[in-house]
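Protein chains in written order, with my numbering: chain S, 558 to 822; chain Z, 558 to 822; chain C, 558 to 822; chain Y, 558 to 822.
Even for Gly, the Cβ is constructed at its ideal location relative to N, Cα and C.
Owing to the predicted nature of the structure, the values given are computational and were not obtained by experimental measurement.
Report on the following structure.
Protein chains: 4
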Amino acid sequence: SPTPLIIAGPCVLETEDVALKIGQFMKEVAEKAGFLYCFKASFDKANRTSISSYRGPGLEKGLKILDTIKKELNCPVLSDIHEPYQAEVCKGVLDCIQIPAFLSRQTDLIVAAGNTGLPVNIKKGQFMAPWDMKHSVKKVESTGNNAIMLTERGTQFGYNNLVVDMRSIPLMKQLGVKVIFDATHSVQLPGGGDGCSSGQREFAPLLARAAFCAGADGVFLEVHVDPEKALCDGPNSLYLHQAEKLLMDLKKINEIRREFVDVAS
Amino acid sequence: SPTPLIIAGPCVLETEDVALKIGQFMKEVAEKAGFLYCFKASFDKANRTSISSYRGPGLEKGLKILDTIKKELNCPVLSDIHEPYQAEVCKGVLDCIQIPAFLSRQTDLIVAAGNTGLPVNIKKGQFMAPWDMKHSVKKVESTGNNAIMLTERGTQFGYNNLVVDMRSIPLMKQLGVKVIFDATHSVQLPGGGDGCSSGQREFAPLLARAAFCAGADGVFLEVHVDPEKALCDGPNSLYLHQAEKLLMDLKKINEIRREFVDVAS
Amino acid sequence: SPTPLIIAGPCVLETEDVALKIGQFMKEVAEKAGFLYCFKASFDKANRTSISSYRGPGLEKGLKILDTIKKELNCPVLSDIHEPYQAEVCKGVLDCIQIPAFLSRQTDLIVAAGNTGLPVNIKKGQFMAPWDMKHSVKKVESTGNNAIMLTERGTQFGYNNLVVDMRSIPLMKQLGVKVIFDATHSVQLPGGGDGCSSGQREFAPLLARAAFCAGADGVFLEVHVDPEKALCDGPNSLYLHQAEKLLMDLKKINEIRREFVDVAS
Amino acid sequence: SPTPLIIAGPCVLETEDVALKIGQFMKEVAEKAGFLYCFKASFDKANRTSISSYRGPGLEKGLKILDTIKKELNCPVLSDIHEPYQAEVCKGVLDCIQIPAFLSRQTDLIVAAGNTGLPVNIKKGQFMAPWDMKHSVKKVESTGNNAIMLTERGTQFGYNNLVVDMRSIPLMKQLGVKVIFDATHSVQLPGGGDGCSSGQREFAPLLARAAFCAGADGVFLEVHVDPEKALCDGPNSLYLHQAEKLLMDLKKINEIRREFVDVAS
Chain S
558 SPTPLIIAGP CVLETEDVAL KIGQFMKEVA EKAGFLYCFK ASFDKANRTS
608 ISSYRGPGLE KGLKILDTIK KELNCPVLSD IHEPYQAEVC KGVLDCIQIP
658 AFLSRQTDLI VAAGNTGLPV NIKKGQFMAP WDMKHSVKKV ESTGNNAIML
708 TERGTQFGYN NLVVDMRSIP LMKQLGVKVI FDATHSVQLP GGGDGCSSGQ
758 REFAPLLARA AFCAGADGVF LEVHVDPEKA LCDGPNSLYL HQAEKLLMDL
808 KKINEIRREF VDVAS
Chain Z
558 SPTPLIIAGP CVLETEDVAL KIGQFMKEVA EKAGFLYCFK ASFDKANRTS
608 ISSYRGPGLE KGLKILDTIK KELNCPVLSD IHEPYQAEVC KGVLDCIQIP
658 AFLSRQTDLI VAAGNTGLPV NIKKGQFMAP WDMKHSVKKV ESTGNNAIML
708 TERGTQFGYN NLVVDMRSIP LMKQLGVKVI FDATHSVQLP GGGDGCSSGQ
758 REFAPLLARA AFCAGADGVF LEVHVDPEKA LCDGPNSLYL HQAEKLLMDL
808 KKINEIRREF VDVAS
Chain C
558 SPTPLIIAGP CVLETEDVAL KIGQFMKEVA EKAGFLYCFK ASFDKANRTS
608 ISSYRGPGLE KGLKILDTIK KELNCPVLSD IHEPYQAEVC KGVLDCIQIP
658 AFLSRQTDLI VAAGNTGLPV NIKKGQFMAP WDMKHSVKKV ESTGNNAIML
708 TERGTQFGYN NLVVDMRSIP LMKQLGVKVI FDATHSVQLP GGGDGCSSGQ
758 REFAPLLARA AFCAGADGVF LEVHVDPEKA LCDGPNSLYL HQAEKLLMDL
808 KKINEIRREF VDVAS
Chain Y
558 SPTPLIIAGP CVLETEDVAL KIGQFMKEVA EKAGFLYCFK ASFDKANRTS
608 ISSYRGPGLE KGLKILDTIK KELNCPVLSD IHEPYQAEVC KGVLDCIQIP
658 AFLSRQTDLI VAAGNTGLPV NIKKGQFMAP WDMKHSVKKV ESTGNNAIML
708 TERGTQFGYN NLVVDMRSIP LMKQLGVKVI FDATHSVQLP GGGDGCSSGQ
758 REFAPLLARA AFCAGADGVF LEVHVDPEKA LCDGPNSLYL HQAEKLLMDL
808 KKINEIRREF VDVAS
């Protein structure tokens with residue numbers, strides 16, 4: 558669909574109440590902007606920097622919360638998996654399965670996701686060239702599933718920093734898939750000495766607008782009612798009012814970009 | 558001035574005729590877009606990859622051509638210097654002196670440029686962090702000259718490649734200067750085995766729009782009547798019609814960006 | 558042990574015969590050099606670039622071959638796991654469990670490896686700063702297992718290239734673990750258009766010697782009787798005679814390095 | 558000559574007395590190690606980060622000090638130039654002219670240095686691929702001068718950091734020139750907020766040994782009687798006793814490396 562997609566929610570599921578509040582708000586904002594909305598949250602953060610970090614409610618409880626959100630808000634829900642067996646378990650609830658960036662080359666995981674028949678969103682590894690994502694795309698296609706999205710979320714740039722190469726958007730679109738821009742993970746400062754990734758929330762809207770201007774089919778955002786108290790990725794998560802302002806800006810860009818997107822590719 | 562600036566012209570001066578043709582075209586297009594126009598061309602490419610490459614007409618002949626353009630087109634002209642003594646020589650003709658990226662830390666050169674009292678445009682070195690440009694800014698300011706622009710032109714990303722970090726635009730604006738985005742040098746593929754830099758012209762408009770969306774105060778473009786035959790930087794130079802289309806796109810972005818630029822900083 | 562460790566073998570298990578031939582040769586060479594030898598091969602390459610690449614004999618068959626090698630050659634054997642459940646299955650055969658670089662932050666996998674009580678060798682992710690590996694180390698330690706090695710295998714440097722930062726060796730040694738240098742993966746050229754990583758075998762000995770000189774406790778090598786026909790990583794695998802020459806060089810460096818290693822840290 | 562070269566001295570000329578003390582010490586140490594010694598110091602640091610940093614005694618006074626050192630110590634002296642006219646002025650005193658890394662593509666400067674007939678040492682730009690240095694080499698050769706050295710001094714790696722790619726040593730040797738490794742500039746942390754580059758002195762010996770092991774024809778070191786009080790590059794300069802220990806280590810590596818250098822190329 559040419560209508561842009563907004564994938565947004567908290568980084569990780571906390572309480573059902575918080576998730577519903579965030580989802581409710583984002584759904585309304587997305588509608589106001591004329592965009593499709595998909596709720597997003599992880600049930601398990603399997604690769605947190607530190608072993609003592611909060612990981613989430615786990616698969617079973619997490620799916621239950623996601624199912625509630627899906628029904629209450631009447632919107633599609635997305636979550637990420639970390640082991641192949643989880644794909645089948647998630648099938649009944651999720652509308653889209655996401656492959657984390659570090660796992661963007663794990664064949665069994667991608668094939669398991671593809672086999673569900675659900676749309677698969679693969680985050681581009683921080684260590685991957687845009688053109689090399691074609692191999693991950695082919696791994697999904699090998700299952701007969703062609704509903705594929707690729708998500709740009711920044712590329713490693715020296716130690717503890719990421720850079721967004723805007724060329725990756727048209728380059729990945731050339732692979733025949735939808736390209737999403739993950740604005741909040743792209744402003745992470747990975748690692749660091751204190752056991753969790755830091756982030757530069759202040760740059761997320763700017764990068765989202767630039768990427769949208771560069772032709773992204775959708776935007777991925779981590780938002781929270783209170784980022785300072787979020788149990789994961791607080792420093793790069795947006796406040797609800799920031800996400801709302803951003804979507805209104807993207808709406809304006811969307812109205813004018815149609816004619817110049819073609820020049821880019 | 559809040560009116561965006563378009564610095565554009567051939568990479569290097571060839572004949573007066575070609576320069577005039579390009580300048581005439583770009584001036585009209587800039588006016589149509591409502592932007593300020595400044596003609597740009599080098600009189601000497603002092604750092605060409607290969608010793609056998611065309612370098613330009615030299616200082617004296619070059620200034621003569623620039624002076625003609627300035628008078629014929631009634632527009633400001635910009636060129637770059639490579640040795641301190643050139644600053645004073647150029648003073649009577651140029652409206653803006655540019656410091657090349659490789660030379661962005663050369664104290665004497667920057668001070669000589671500052672001493673002319675003319676606006677100074679320093680290209681950010683491919684090896685510089687945006688925040689470190691403050692030292693180059695201070696070198697100009699030490700001469701009592703506060704008319705300073707910084708130009709983003711890509712950062713080294715592995716060998717033979719550049720990446721544009723859009724965060725650099727707000728970061729350099731925080732230094733209290735105007736920030737220009739050089740769309741055509743940013744798509745260079747530096748070096749290579751054949752003695753000249755190659756380029757990806759196809760990404761220049763996309764990056765220019767994204768940077769404009771990210772708050773750039775102006776755009777720098779190399780344009781040519783026939784890029785395939787340009788004596789320098791052909792592979793990344795834009796055709797006249799591409800530059801025209803791009804300026805019309807930037808005009809539209811400019812109309813909507815005022816309200817979202819503030820969110821970025 | 559202050560005796561250097563040589564982990565070497567084919568990238569992936571092919572036939573038992575080939576594995577034995579390589580292991581036999583390397584064991585003798587290691588003994589000649591006065592180094593400890595550990596056989597290495599993967600039973601499953603779970604993250605090959607392309608879905609159509611050879612992946613190996615699988616867990617069950619692979620462990621059988623590894624068990625044969627262990628008994629026939631009377632030497633320790635190492636292999637890598639990709640899902641947590643594999644750790645327990647491998648426990649009876651392996652002497653050391655390896656965590657692949659892309660998976661170097663996956664908490665469950667590292668904890669499962671740690672829980673076996675076997676030494677764990679974590680490859681540093683291509684996207685990780687040396688100091689950030691302390692979090693992966695702590696994940697192993699959380700199981701009460703302190704037999705930990707970290708392996709340097711190159712860091713992403715632009716697209717499709719890796720660079721070895723020799724500072725990472727003393728930096729990771731400061732974490733209180735043994736540091737191995739993987740000479741053959743460090744010369745991979747990741748990705749590329751043709752569905753498999755290319756490599757620069759010619760630089761592997763040079764980097765191994767430099768890393769050994771910089772204090773590496775051991776060296777990891779992929780070797781093959783016929784790299785041109787290897788089913789995985791042929792372009793960066795060493796010929797047997799190259800591996801032999803390299804070990805003789807490392808022996809000489811080992812004899813003189815004791816006194817200068819301390820200066821490094 | 559197959560005898561390794563040690564280029565060492567203070568970053569910038571301070572007093573004649575300090576320069577002589579450092580040169581005297583390093584000459585004796587180099588002789589003890591069986592290496593050729595060349596004194597090195599800048600007369601003008603033309604690209605200091607901040608405009609308020611100490612730049613040196615200037616061309617005239619600096620050459621006088623260098624001339625004294627040359628005669629008193631009876632050893633060759635090297636310094637770097639920043640503008641073409643300086644080459645001819647330096648000709649009577651210097652034994653080797655150095656081109657700074659940022660200026661490694663400036664055609665006029667390199668040609669002027671070549672025209673003196675003196676050996677020319679070009680530092681590889683932090684933004685250059687090793688193979689692209691062939692163009693700078695050709696610029697010297699265009700003057701009929703074939704006495705050329707290239708110096709590795711680290712490559713930009715993200716912001717405010719450098720990495721040494723040891724592959725550059727054999728790659729640049731393939732251009733038919735001598736390759737020097739600059740151990741102390743390679744551990745600079747360029748830029749930074751406080752107006753001068755910081756550095757990691759502790760890694761300089763380790764990198765020097767690794768580079769020597771990788772085939773470097775010589776080593777370049779900044780040394781000072783009191784690095785904490787050095788007027789330039791103190792944080793990456795070595796204490797005299799550290800430089801002495803390092804040369805003794807390099808001597809040992811030199812004795813064994815002859816046979817393995819060939820394997821590298």
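Residue i, DSSP secondary structure in three states
i: Pro567(S); result: coil
i: Tyr796(C); result: strand
i: Ser609(S); result: coil
i: Phe684(Z); result: coil
i: Gln643(Z); result: helix
i: Gly671(S); result: helix
i: Cys653(C); result: strand
i: Val575(S); result: helix
i: Asp665(S); result: helix
i: Leu788(S); result: coil
i: Val586(Z); result: helix
i: Leu719(Z); result: strand
Identified DSSP bridge partners for residue i
i: Val694(S); result: The partner list for Val694(S) (beta bridge, DSSP) is empty, contrary to what the question assumes.
i: Cys595(S); result: Ile564(S)
i: Phe738(Y); result: Glu709(Y) and Val776(Y)
i: Gln745(S); result: Gly756(S)
i: Ser636(C); result: Ile654(C)
i: Ile679(S); result: Ile656(S) and Leu707(S)
Selected residue, minimal CA-CA separation from residue i, among the options
i: Gly791(Z); options: Thr708(Z), Glu779(Z), Ala658(Z) and Met583(Z); result: Glu779(Z)
i: Glu640(C); options: Trp688(S), Gln663(S) and Lys618(S); result: Gln663(S)
i: Leu766(Y); options: Val697(Y), Gly566(Y) and Asp739(Y); result: The question names Leu, but residue 766(Y) is Arg in the sequence shown. Taking only the C-alpha atoms, the option nearest Arg766(Y) is Asp739(Y).
i: Pro747(Y); options: Ser743(Z), Met690(Z), Ser725(Z) and Gly711(Z); result: Met690(Z)
i: Ala587(S); options: Leu803(S), Glu816(S) and Arg814(S); result: Leu803(S)
i: Gly619(Z); options: Leu666(Z), Pro727(Z), Ser725(Z) and Val650(Z); result: Val650(Z)
i: Ala669(Z); options: Trp688(Z), Lys681(Z) and Cys647(Z); result: Cys647(Z)
i: Val720(S); options: Gln757(S), Ser599(S), Gly733(S) and Met729(S); result: Gln757(S)
i: Thr606(Z); options: Asp665(Y), Pro676(Y), Asp637(Y) and Lys809(Y); result: Asp665(Y)
i: Thr700(Z); options: Ile608(Y), Ala761(Y), Phe592(Y) and Ala598(Y); result: Ile608(Y)
i: Glu826(Y); options: Leu616(Y), Val734(Y), Gln581(Y) and Thr572(Y); result: No answer is possible for residue 826(Y): the residues shown for chain Y start at 558 and end at 822.
i: Ser754(Z); options: Tyr611(Z), Thr572(Z) and Asn717(Z); result: Asn717(Z)
i: Glu571(C); options: Lys602(C), Pro559(C), Ala590(C) and Met583(C); result: Lys602(C)
Whole-angstrom C-beta distance between residue j and residue i, which should lie under 8 Å
i: Val776(Y); j: Ile563(Y); result: 6 Å
i: Leu764(C); j: Met685(Y); result: Incorrect: roughly 20 Å between the Cβ atoms, too far for contact.
i: Val694(Z); j: Leu732(Z); result: 5 Å
i: Ile656(Y); j: Lys680(Y); result: 6 Å
i: Gly615(S); j: Phe596(S); result: Rounded, the Cβ-Cβ distance is 18 Å, inconsistent with contact.
i: Ile654(S); j: Val634(S); result: Rounded, the Cβ-Cβ distance is 11 Å, inconsistent with contact.
i: Thr673(S); j: Glu645(S); result: 7 Å
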